[in-house]
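J.: From first to last, the protein sequence lines are chains A and B. Taken in order, the first sequence gives residues 15 to 292; the numbers are from our numbering. Taken in order, the second sequence gives residues 65 to 373; the numbers are from our numbering. Positions of the beta carbon are idealized from the N, C-alpha and C atoms, including for glycine.
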Amino acid sequence: MKLAALTWVELRKLALRPRTWVSVALLCALPVVVAAFLATSELAPRPGQGPAFLSAVLGNGQLYPAAALGIVVPIFLPVAVCVVAGDAVAGEAQAGTLRYLLVRPVGRTRLLVAKLFAVLAFTFGAVIAVALVSLVAGTQLLGTRPDALGTTTASLSGTALSTQELLVRTLLVMAYVSVSMIGVAALALLLSTLVDSPLVAALGGLALLVASTVLVGLDAASAVHDLLPTRYWLAWVDLFRDPVLWTDVQRGVLVQLAWAGVLLAAAWASFTTRDVTS
Amino acid sequence: MSDLAVETTGLTKRFGRVQAVTDVDLRVAEGDRYGFLGPNGSGKTTTVRMLLGLVLPTSGRVRVLGGRVPGDAARVLPQVGAMVEGPAAIGHLSGRANLRLLDAAVPTPGGRRTRRARVEAALEAVGLAQVGRRPVRAYSLGMRQRLGIASALVRRPRLLVLDEPTNGLDPQGIALVTDLLLQLSAQGTTLLVSSHLLSEVEHLCTRVGVMDRGHLVVQDDVDALRAPTGRLVVTLSGAETGTAERVLGRRLLEPPCGRSLVVADEGDVVGDLVRGGLAVREAVVERRTLTDVVLARTTAVGEGAGVAR
Chain A
15 MKLAALTWVE LRKLALRPRT WVSVALLCAL PVVVAAFLAT SELAPRPGQG
65 PAFLSAVLGN GQLYPAAALG IVVPIFLPVA VCVVAGDAVA GEAQAGTLRY
115 LLVRPVGRTR LLVAKLFAVL AFTFGAVIAV ALVSLVAGTQ LLGTRPDALG
165 TTTASLSGTA LSTQELLVRT LLVMAYVSVS MIGVAALALL LSTLVDSPLV
215 AALGGLALLV ASTVLVGLDA ASAVHDLLPT RYWLAWVDLF RDPVLWTDVQ
265 RGVLVQLAWA GVLLAAAWAS FTTRDVTS
Chain B
65 MSDLAVETTG LTKRFGRVQA VTDVDLRVAE GDRYGFLGPN GSGKTTTVRM
115 LLGLVLPTSG RVRVLGGRVP GDAARVLPQV GAMVEGPAAI GHLSGRANLR
165 LLDAAVPTPG GRRTRRARVE AALEAVGLAQ VGRRPVRAYS LGMRQRLGIA
215 SALVRRPRLL VLDEPTNGLD PQGIALVTDL LLQLSAQGTT LLVSSHLLSE
265 VEHLCTRVGV MDRGHLVVQD DVDALRAPTG RLVVTLSGAE TGTAERVLGR
315 RLLEPPCGRS LVVADEGDVV GDLVRGGLAV REAVVERRTL TDVVLARTTA
365 VGEGAGVAR
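Now the structure itself:
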C-alpha cells in the first residue's frame, strides 16, 4: 500500500515532466518518417538488408507496428530508457529532492522499487505509443494489401496469419521489446544510485549497449555472445514465424532477467547502505 | 530519557580518511529551541544528516523522539520536519504541487483527506499562499527558502530540524520566520536550528551547541553562556576621570576612555562613584555575547582541517 502510493507519485512525476512526452514523441516520429519515405518511394530495403522486416511491410501496413519497434530497438528506445533510468535517483540527487524524499521517510528500498516500476512503465508506455502511432501511420500511408482482402497477411514462413493472430503476435513483440530493455535500464538505474549525475548514469547504460553490440559482432568473442544483453534483441522477428520459433525469444528473456537480477541487487545493496550527501 | 527529542552518543563519522564528526553527544530536550552553531566545515551538516538517517554513522548511536535512527526511521521521521542544506523542489511544478507530491509519497492514516488543508496551512504560515500556480523555477531565493520551511511544516512535526532557515530572506522574511518558529515553539514543537547568524540564534534559542572541527565544544543554555563577565561598563556625565581613578583604585581595569570606564564588579561601584562626587549616567553589567563564546571556542576557517559537509 505504501509502495503503491509511492509508485503513483513517481508515475505522476514522470507524467508531469515535459521531457517524458518529448522523448516519446521523438520515438514515435522516426517510424512515421520511415513510413512516409517507404510510401512515397515504394522502395523497400531488399530482403536480408536494412532494418529487419521492413521489406515485408510494404504491402501491409498492419505489420508496421512490429517493424516500427524493430526500427527503434537498436538505439532510440534504449537511449530513451537509459535517460529515464539514469535520471531516476541521480536526477533527484542533483536537484536536491532526494534528501527530502528520504527524510519523509520513503524508505530506500521502496524508493528504488518505485523508481524501477516507473522506468518499466515508461518503457512499456513508449512501446505502446510507438505501436499505436505506427499502426495509424502504417495503415494510412502504406495501406493494407488489397489482394488478400485486408484480412490475412503472410508470416515470414509464408503461411497466412489472420488479423487476430497478427494482433496477438504484435502484442508479443511489444512485450518482448519491453523486456529487452531491462538489462540496460537496470545498469542505468544502478549507476543512478552510485553517482549524482543523471548524465553519467544514462551514458553508462548506453556504454553497455555499445559494448554489447560490438562484442556481438565480434566472432572472437563468441564465447560470451549468449550472455550479452543485446544478443537476442532482434529475436522478436521469430515471433512472426509460423509456428513461432521460441528458442531465442526464451533465451532473450532469460538473459535480460539475469542481467536485471544481478544489477538490481547491486543497486539495492549500494543504495541502502550509502551516505546521501547530495 | 524519554524527554530528550534528540540524543546522540559518541556519534562519529569518517568519510574515507577525513574525520568529519568525532564523538558528539548531542542533547536536545523536548521543547528546546536549540541553536546548532559552528563554522563552515565543522561537521554541523553531517551531524544533522545522521540525525535524519541520510548519512550512516561510522560509530555511535542516534535517538530521535525516542526511536533509533536509522533503525526506527520509518516510525520517528514522520514526526520530524526538516530542511537540510537549502530547499529543493521540482522546478517545473508549483510550490503547492511539490508539497502535495511530497506528502503523498509517504501515506499516513487519514493523511490523504487532510492533505489539501495541511498544505494550504503550511503555505499560509510562510506567506506563500498567494503565489498560485507559478512554477518553483520562477521563485526568488527567498520564496524557495519559504517553500522549504513550508515543506517541513506540512506534517505538523514534533521536531523541526532547520539548516539556515533565514538564508536568503529579506528582513520581513526573517521576522516572519522568527515569529513563526517562536509560535511553533510555544505550541510545543522542539526546534533544532543551525545558523551562522549568531544574533538571530541569541534572540531565538534557549540552548546552543557549538561544533568545531567535528567536536561538540560547547553545549549549554544561552543564559548560562551569557553570564556576566564580572565587569561593569560605567558611563559618567562629566569627564572627571581623574577623580574616578582615585575613587576606584585597583577596581578600574582599563585606562579610562573618554567618559566610559571598565570596572571590576566588586562592592558598590556606583555608590562609591556617587559618594566621590561623580554623576553616573549609566552602569551596565557586561555579558559575553554568543559571538564572543563562539569565536573563543572555534577555529577560524583555514586553521583547522575542515570538510565541506
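Would you verify that the beta carbon of A:L36 is, or is not, closer than 9 Å to some beta carbon of chain B?
T.: Reading off the sequence, residue 36 of chain A comes out as Val, not Leu. Not one chain B Cβ lies under 9 Å of A:V36.
J.: On the criterion of 16 or more Cβ atoms from any shown chain inside 10 Å, does B:E318 qualify as buried, or is it exposed?
T.: Under this definition B:E318 is an exposed residue.
J.: Where B:R352 and B:V85 are concerned, what is the direct C-alpha to C-alpha distance, given to the nearest angstrom?
T.: Cα to Cα, the separation comes out at about 27 Å.
J.: Would you identify the three-state DSSP class for B:L280, choosing helix, strand or coil?
T.: B:L280 falls in the strand class under three-state DSSP.
J.: Got a sec, what are the start and stop residues for the beta strand (DSSP E) B:P292 sits in?
T.: From DSSP, the beta strand (DSSP E) with B:P292 extends over 292-300.
J.: Within the continuous alpha helix (DSSP H) that includes A:V150, where are the two ends?
T.: Here the alpha helix (DSSP H) through A:V150 covers 122-151.
J.: Report the residue ranges of all alpha helix (DSSP H) runs contained in full by the stretch 149-217 of chain B; include only those spanning at least 4 residues, in chain order.
T.: Whole alpha helix (DSSP H) segments, 4+ residues: 159-169, 175-189, 205-217.
J.: Name the residues in the stretch 213-230 of chain B whose C-beta lies less than 7 Å from a C-beta of chain A; which are they?
T.: Those residues of the stretch 213-230 of chain B that come within reach of chain A (Cβ to Cβ, closer than 7 Å) are S215.
J.: If I measure Cβ to Cβ from A:R124 and keep anything under 6 Å in the same chain, skipping five residues before and after, which residues do I get?
T.: Cβ neighbours of A:R124 beyond the five flanking positions: L17, L20.
J.: Would you mind reading off the limits of the beta strand (DSSP E) that contains A:D240?
T.: It is not in any beta strand (DSSP E) - A:D240 carries neither H nor E in the DSSP assignment.
J.: Measuring from the CB of B:R220, is there a heavy atom of the ligand MN at a distance below 8 Å?
T.: Looking at this structure, you won't find the ligand MN or any other ligand, since it has none at all.
J.: Which term fits B:V82, buried or exposed, when burial requires 16 or more other beta carbons within 10 angstroms of its beta carbon?
T.: Burial call: exposed.
J.: According to DSSP, simplified to helix, strand and coil, what is B:D329?
T.: If DSSP states are grouped into helix, strand and coil, B:D329 belongs with coil.
J.: According to DSSP, is B:L289 part of a helix, a strand, or is it coil?
T.: Reduced to three states, the DSSP call for B:L289 is helix.
J.: State the beta-bridge partners of B:C321 as determined by DSSP.
T.: B:C321 is bridged to B:S324.
J.: Taking 9 Å as the CB-CB cut-off, is B:R113 touching chain A?
T.: With 9 Å as the cut-off, B:R113 counts as an interface residue toward chain A.
J.: Taking the CB atoms as reference points, tell me whether A:A80 and A:A151 lie closer together than 9 Å.
T.: No, the Cβ-Cβ distance between A:A80 and A:A151 is not below 9 Å.
J.: Determine, using beta carbons only, whether B:F79 comes closer than 9 Å to chain A.
T.: Judged by the 9 Å Cβ criterion, B:F79 is in contact with chain A.
J.: What are the boundary residues of the alpha helix (DSSP H) that includes A:V269?
T.: Element bounds for A:V269: 260-287.
J.: Under 8 Å by Cβ, that's how I've got A:V103 and A:F285 pegged, so tell me the actual separation to the nearest angstrom.
T.: Indeed they touch by this definition, with Cβ atoms about 7 Å apart.
J.: Under a Cβ-count criterion, where at least 16 other Cβ atoms within 10 Å of its own Cβ denotes burial, should A:R122 be classed as buried or exposed?
T.: Looking at its Cβ environment, which holds 16 or more other Cβ atoms inside 10 Å, A:R122 is buried.
J.: Does B:Q251 come out as helix, strand or coil in the three-state DSSP assignment?
T.: In this structure, B:Q251 counts as coil in the three-state DSSP scheme.
J.: Which residues in chain B sit within 8 Å of A:K27, going by Cβ to Cβ distance?
T.: Within chain B, the residues near A:K27 are I154, L165.
J.: Would B:L245 and B:L268 be called neighbours here (beta carbons separated by less than 9 Å)?
T.: For B:L245 and B:L268, yes; Cβs fall inside 9 Å.
J.: Cβ closer than 8 Å: which chain A residues qualify as neighbours of B:L118?
T.: In chain order: R113, L116, V117, D289, V290, T291.
J.: Just checking my contact of A:G197 with A:Q270 at CB under 8 Å: how many whole Å lie between their CB atoms?
T.: About 5 Å separates the two Cβ atoms, so the contact holds.
J.: Terminal residues of the continuous alpha helix (DSSP H) containing B:D356?
T.: That run of the alpha helix (DSSP H) goes 354-361.
J.: When you compare only the Cα positions, how much space is there between A:A140 and A:M195?
T.: Looking at the two C-alpha atoms, the distance is approximately 11 Å.
J.: Of all the options A:G75, A:Q264, A:V133, A:W250, which has the alpha carbon lying nearest to the alpha carbon of A:A93?
T.: The sequence as given places Val at residue 93 of chain A; Ala does not occur at that position. Closest option to A:V93, Cα to Cα, is A:V133.
J.: With distance defined between alpha-carbon atoms, name the residue in B:A216, B:L226, B:G155 nearest to B:S204.
T.: Comparing Cα positions, the closest option is B:G155.
J.: Less than 9 Å between the beta carbons of B:V344 and B:L300, yes or no?
T.: Yes, these two residues count as a Cβ contact at 9 Å.
J.: Is there at least one Cβ from chain B nearer than 9 Å to A:M188's Cβ?
T.: A:M188 does not count as touching chain B.
J.: How big is the Cα-Cα spacing for B:S158 and B:E184?
T.: So the alpha carbons of these two residues sit roughly 13 Å apart.
J.: Alpha carbon to alpha carbon, how far is B:A189 from A:L126? Give it in angstroms, no decimals.
T.: Each residue's Cα considered, the two are about 33 Å apart.
J.: What are the residues of the stretch 126-150 of chain B that lie near chain A, defined by any Cβ-Cβ distance shorter than 8 Å?
T.: The stretch 126-150 of chain B vs chain A, Cβ under 8 Å: A137, A138, L141, P142, V144, A146, V148, E149, G150.
J.: Taking only beta carbons into account, state which residues of the stretch 309-339 of chain B come closer than 7 Å to chain A, listed in chain order.
T.: So nothing in the stretch comes that close.
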